[in-house]
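First comes the structure, then the notes that go with it.
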Amino acid sequence: MQLFLLLLLLAALSPPATSHYSSSTSSPSSSSVSEWRPARATYYAATNPRDLVGGACGYGDLVKSGYGMSTVGLSETLFERGQICGACFELRCVDDLRWCIPGTSIIVTATNFCAPNYGFDPDGGGHCNPPNKHFVLPIEAFEKIAIWKAGNMPVQYRRINCRKEGSIRFTVDGGGIFISVLITNVAGSGDISAVKIKGSRTGWLPMGRNWGQNWHINADLKNQALSFEVTSSDKSTVTAYNVAPRNWDYGQTFEGKQYETP
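Take the sequence shown: its letters are residues -19 to -1, 1 to 243, numbered as in mature numbering (1 follows the signal peptide of the UniProt record, and there is no 0).
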């Protein structure tokens, strides 16, 4: 009985988790940091500036989008068909005293997909084949935890909350009644499970995932101020009203609210 009363008291004293500047209620995340899990990691060296543009999450120019070289491509087992885009991971090198840099770890954002190569076995050259959990890093990130000669390294990873500078960014594209919105710089869990858009003369309209973190809708919202409701995978929601003014145009980027991170 005393234990039950103590648990009730702790629950009453625990502050609820809320989203930063959100006009709607947020559900608290069950955990901001997951346990360490085994995986492997390799790297790539960008030989052309165009190598930093593109990717399966649709972020475009990773430097201009604010991700820089702190990024990672995920194997099919981890990629979740793009739903994981924007999530943050901490990686550390383990089990190899020759190549690991002791006491180091890196934090990266999921921005790309490492496609399987079924011409090789998962234990051979098919590093990203199921069921492998594999991370492909820019060499600049890889060298913070291991010496480049290591090649295909055993690592440990864990999912963590994303910390981002500034607000969530909404890049509006499309044409006519087709609207596509790329959502970047998302803090908190980082990945997005649902998006709604609202014109100043409409109610809330659900958007569909086009690919990665590009969301779309067929609606005539020209000459209306645009608001967005963004829900992350941990069910937290931020609502950003009148992000784009009524004279918005395709190709423009606007800033909304941001998730609060502890």
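Ideal placement from N, C-alpha and C gives every residue a C-beta, glycine not left out.
Length of the line joining the Cα atoms of residue i and residue j
i, j, result
"residue 259", "PRO112", "Beyond the ends of the chain as shown, which are -19 and 243, falls residue 259; an answer cannot be given."
"TRP185", "LYS130", "52 Å"
"CYS95", "TRP80", "23 Å"
"ASP230", "VAL75", "49 Å"
"SER5", "ALA221", "Because SER5 carries a pLDDT of 34, less than 50, the predicted location of this residue cannot be relied on, and the following value inherits that uncertainty. About 10 Å."
"ASN195", "GLN205", "21 Å"
"THR183", "LEU118", "43 Å"
"VAL14", "GLU71", "9 Å"
"ILE82", "VAL53", "19 Å"
"ILE158", "ASN199", "5 Å"
"CYS109", "ASP215", "27 Å"
"PRO135", "LYS177", "40 Å"
"PRO9", "PHE101", "The predicted model places PRO9 with a pLDDT of 36, which falls under 50 and marks its position as unreliable; any figure quoted below should be read in that light. Between PRO9 and PHE101, the C-alpha separation is close to 43 Å."
"ILE128", "ILE141", "24 Å"
"GLY193", "LYS45", "17 Å"
"TYR24", "PHE123", "6 Å"
"LEU207", "VAL224", "6 Å"
"LEU59", "ARG18", "12 Å"
"ALA22", "ILE126", "11 Å"
"LEU(-15)", "ARG73", "Note on LEU(-15): pLDDT 34, under 50, position unreliable in the model; the coordinate value appears next. Those two C-alpha atoms are separated by around 41 Å."
"THR234", "GLU146", "16 Å"
"GLU57", "GLY36", "14 Å"
"SER(-1)", "THR242", "Low confidence applies here, because SER(-1) scores a pLDDT of 27, under 50, leaving its location unreliable; read the following figure in that light. One C-alpha to the other measures close to 8 Å."
"THR218", "GLN239", "10 Å"
"GLY132", "ILE149", "35 Å"
"GLN137", "ASP77", "12 Å"
"ASN166", "PRO97", "28 Å"
"ILE164", "PHE116", "23 Å"
"ALA(-9)", "ALA168", "In this prediction, ALA(-9) scores a pLDDT of 35, lower than 50, which makes its location untrustworthy; no coordinate-derived value is stated."
"LYS114", "ARG144", "24 Å"
"TYR40", "THR92", "7 Å"
"ARG227", "SER161", "17 Å"
For residue i, the residue or residues it bridges with in DSSP
i, result
"ARG18", "TYR138"
"PHE94", "LEU55"
"PHE151", "ILE164 and PHE235"
"ALA221", "PHE209"
"TYR24", "LEU118"
"GLY156", "PHE159"
"LEU72", "ILE87 and TYR138"
"ALA127", "CYS81"
"GLY169", "CYS143"
Boundaries of the beta strand (DSSP E) in which residue i is found, first to last residue
i, result
"ILE173", "173 to 180"
"ILE164", "159 to 165"
"ALA235", "As written in the sequence, residue 235 is Phe, which differs from the Ala given in the question. It spans 234 to 236 - the beta strand (DSSP E) in which PHE235 sits, taken as one unbroken run."
"residue 274", "Residue numbering for the chain in the displayed model covers -19 to 243; residue 274 lies beyond these limits and cannot be assessed."
"ASN199", "195 to 199"
"ASN191", "185 to 192"
When you compare the segment 207 to 223 with the segment 166 to 184, are there three or more beta-carbon pairs, one atom per stretch, that lie closer than 8 Å? Counting Cβ pairs under 8 Å, three or more are found: they touch.
Please determine if the segment 147 to 159 and the segment 83 to 91 are in contact, where contact requires at least 3 C-beta pairs separated by less than 8 Å. no
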